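K.L.:
Residue numbers (this note's numbering): 234 to 350.
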Amino acid sequence: MIRLAPRDEDSLVRILELCDRINSARQRYGDGLNSFLADEDYKDVVCMNLFQIGEVSHSLSDELKASMSEVPWREIYGIRNIIGHAYVIVQYEKIWATVTEDVPALRALVADALGRE
């Protein structure tokens, strides 16, 4: 576990919660690409939580980001920008890959930094 400044700890807790919300949506709506692509509400829930993860990650200190260099912080904020500003060209297959591959990895790294499971 890394020594965290209070602001960074609060932000990481929020990121962990947002990852869990995405995982809950996968359980509620279905855990497959076809279910995701077919349901506008599902896409909205996932995209809003990814957007918020990007927003929160932007407030993390440079020291924390450097200590967690395995996390692709720029890409996380980049997804936030795409969802927030270029939403008409969002490639939902890529969003789904992020949900199934990157969100679990991010959750694990953040949980480890917080000393949680």
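All C-beta atoms, glycine included, are put in the ideal place defined by N, C-alpha and C.
These numbers were taken from a predicted model, which means no experiment stands behind them.
Within this structure, are the beta carbons of residue 303 and residue 266 separated by less than 8 Å?
P.N.:
The residue you call residue 303 lines up with position 70 of the sequence shown. The residue you call residue 266 lines up with position 33 of the sequence shown. No, they are not a contact pair.
K.L.:
What residue ranges within the stretch 248-278 form continuous beta strand (DSSP E) runs of no fewer than 3 residues, ordered along the chain?
P.N.:
Correct list: empty.
K.L.:
For residue 321, count the other beta carbons within 10 Å of its own beta carbon; 16 or more makes it buried, fewer makes it exposed. Which is it?
P.N.:
Translated into the one-based positions of the sequence shown, residue 321 becomes position 88. Counting the other Cβ atoms within 10 Å of the Cβ of residue 321 gives fewer than 16, which makes it exposed.
K.L.:
Smallest Cα separation from residue 319: which of 280, 273 and 348?
P.N.:
Taking the sequence shown and counting its residues from 1, the one referred to as residue 319 is at position 86. With distances taken between Cα atoms, residue 319 lies closest to 280.
K.L.:
Mapping the DSSP letters down to three states, classify residue 287 as helix, strand or coil.
P.N.:
On the sequence shown, position 54 is the one that residue 287 refers to. Three-state result, residue 287: helix.
K.L.:
Below 8 Å, can you find three or more Cβ-Cβ pairs linking the stretch 251-264 to the stretch 291-299?
P.N.:
Using a C-beta cut-off of 8 Å, the stretch 251-264 makes no contact with the stretch 291-299, since fewer than three inter-stretch Cβ pairs fall below that distance.
K.L.:
Which stretch, first to last residue, makes up the alpha helix (DSSP H) that contains residue 322?
P.N.:
Here residue 322 is taken as the residue at index 89 of the sequence shown, counted from 1. Segment: none, residue 322 is in no alpha helix (DSSP H) and carries neither H nor E.
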